[in-house]
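Residue numbers (the numbering used here), protein chains in the order written: chain A, 1 to 197; chain B, 1 to 197.
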């Protein structure tokens, strides 16, 4: 046992389960924790275990929440006529950080991916359709991957006949990036989506 | 609150305390954990909190251990005539992983660094001197930084008069690296430490 402590060994193994953490990073983290006050380590440990028994998913939009219905769905300040469809709940975190969007969300729980055996019935599409009564715009904010695009098209085909405006977030050159280094598809999308000045 | 859950918010904040983890990595970790089984998350949380009440430092060499004296100091298979001096306990993990060294260790708890106000009395040098009775070789394996080198020289000045062999781990070109990209000081050390074939 290289660590001469099974607790250290276990902590390294457990931290390796986290995404982006290899054995060396895990060792570095454990050694860092060993040098911290017991309270610091307990705080981290408690915060993680609280994720298990406090967090669940909103029964309307499937965002993470601690109640039955999430803050966004409950808020009276949000525009209930717009729903932004995202792949996963962490996409909501990114959009909320921006702070510009005031509508509601809907978490699909993935994207259509026939190769992985994920069809429409595996996503929360039925739940989305049930929410469309007083909605005038559905913004599809799935990732600009092949699967994300396919899912957007699939949703458009379902929802457009209901006379609801369907929009897709713009794909183009990221702000601050260099035209020279943009890939062909991104450039093509940027040109396609050009707007009048 | 962008996460619409204070537990998620707290978990992100707490994970940010770990070395090498920024806000985005922490969000990614939390989101990953939310998708795992409760048991997986509990295992990680428990492993961290166990670090606090299980792990302490060996009263002889200051390695991490769960007993009063660490596995290495207790082992009858180790060569008690050699002590390898390292900066921190995680350096022992690296050396033990290699598996070639069969002697004992001593963790200094840092290196001499006058600029940071760290003098000899802040390191476990007295404790090292007390262990030298039946020791024939002290290998200084502090990092090859200015402070590490200074600490090695300081230890040599203290211990050499006791008629104990003092050695320093070789500094040179890392295995697999390219001469062309080695810095001047490393090249100079590699030439200085050349060995007959």
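Yeah, the Cβ is synthetic: ideal placement off N, Cα and C, and Gly gets one too.
Fair warning: this is a prediction, and the values are worked out from it, not measured in the lab.
Anticipated Cβ contact below 8 Å, residue i with residue j, distance rounded
| i | j | result |
| --- | --- | --- |
| residue 123 of chain B | residue 103 of chain B | So it is not a contact: roughly 20 Å between Cβ atoms. |
| residue 72 of chain A | residue 106 of chain A | With a Cβ gap of about 11 Å, residue 72 of chain A and residue 106 of chain A do not count as contacting. |
| residue 11 of chain B | residue 179 of chain A | Actually they do not touch by this definition, with Cβ atoms about 39 Å apart. |
| residue 112 of chain B | residue 151 of chain B | 5 Å |
| residue 92 of chain B | residue 15 of chain A | That pair is no contact at about 19 Å. |
| residue 29 of chain B | residue 19 of chain A | 6 Å |
| residue 162 of chain B | residue 128 of chain B | About 11 Å separates the two Cβ atoms, so there is no contact after all. |
| residue 134 of chain A | residue 80 of chain A | 6 Å |
| residue 182 of chain A | residue 51 of chain B | About 46 Å; that fails the 8 Å criterion. |
| residue 137 of chain B | residue 159 of chain B | Not quite, the Cβ-Cβ distance comes to about 10 Å (not below 8 Å), so this is no contact. |
Minimum Cβ-Cβ distance from residue i to chain A less than 9 Å
| i | result |
| --- | --- |
| residue 11 of chain B | yes |
| residue 58 of chain B | yes |
| residue 77 of chain B | no |
| residue 46 of chain B | yes |
| residue 17 of chain B | yes |
| residue 113 of chain B | no |
| residue 49 of chain B | yes |
Simplified DSSP assignment, three categories, for residue i
| i | result |
| --- | --- |
| residue 104 of chain B | strand |
| residue 175 of chain B | coil |
| residue 79 of chain A | strand |
| residue 70 of chain B | coil |
| residue 135 of chain B | coil |
| residue 5 of chain B | coil |
| residue 10 of chain B | helix |
| residue 92 of chain A | helix |
| residue 44 of chain B | helix |
| residue 57 of chain A | strand |
| residue 168 of chain A | strand |
| residue 37 of chain B | coil |
| residue 188 of chain A | helix |
| residue 142 of chain B | coil |
| residue 30 of chain B | helix |
| residue 111 of chain B | coil |
| residue 64 of chain B | strand |
| residue 85 of chain A | strand |
Neighbour list for residue i in chain A, Cβ cutoff strictly below 9 Å
| i | result |
| --- | --- |
| residue 72 of chain B | 4 |
| residue 22 of chain B | Those within 9 Å of residue 22 of chain B in chain A number zero; the least Cβ separation is about 11 Å. |
Cutoff 9 Å: residue i Cβ touching any chain B Cβ
| i | result |
| --- | --- |
| residue 28 of chain A | yes |
| residue 96 of chain A | yes |
| residue 92 of chain A | yes |
| residue 7 of chain A | yes |
Proximal chain B residues relative to residue i, where beta-carbon distance stays under 7 Å
| i | result |
| --- | --- |
| residue 143 of chain A | What residue 143 of chain A touches in chain B: nothing, since even the nearest Cβ is about 14 Å away. |
| residue 43 of chain A | 14 |
| residue 25 of chain A | 20 |
Interface residues of chain B facing residue i [CB-CB closer than 8 Å]
| i | result |
| --- | --- |
| residue 89 of chain A | 31 and 34 |
Under 8 Å by beta carbon: chain A residues contacting residue i
| i | result |
| --- | --- |
| residue 63 of chain B | 4 |
| residue 55 of chain B | 5, 7, 8 and 34 |
Cβ-based neighbour list, residue i, same chain, cut-off 8 Å, excluding 5 preceding and 5 following
| i | result |
| --- | --- |
| residue 120 of chain A | 112 and 154 |
| residue 59 of chain B | 68 and 69 |
| residue 17 of chain B | none |
| residue 77 of chain A | 102 |
| residue 142 of chain A | 85, 86, 87, 108, 111, 148, 149, 151 and 152 |
| residue 54 of chain B | 66 |
| residue 171 of chain B | 144, 186, 189, 190 and 193 |
Residues that residue i contacts on chain A, provided the C-beta gap is smaller than 7 Å
| i | result |
| --- | --- |
| residue 38 of chain B | 52 |
Chain B contact residues for residue i, given Cβ-Cβ distances below 9 Å
| i | result |
| --- | --- |
| residue 66 of chain A | 4, 5, 6, 7 and 8 |
Any C-beta of chain D under 9 Å from that of residue i
| i | result |
| --- | --- |
| residue 6 of chain B | The chain inventory of the structure shown lacks chain D, comprising the protein chains A and B. |
Contacting residues, own chain, Cβ-Cβ under 6 Å from residue i (five flanking each side not counted)
| i | result |
| --- | --- |
| residue 33 of chain A | 41 |
| residue 169 of chain A | 141 |
| residue 156 of chain B | 166 |
Residue i CB to nearest heavy atom of the ligand COA below 8 Å
| i | result |
| --- | --- |
| residue 114 of chain B | Looking for the ligand COA in the displayed structure turns up nothing, as the structure carries no ligands at all. |
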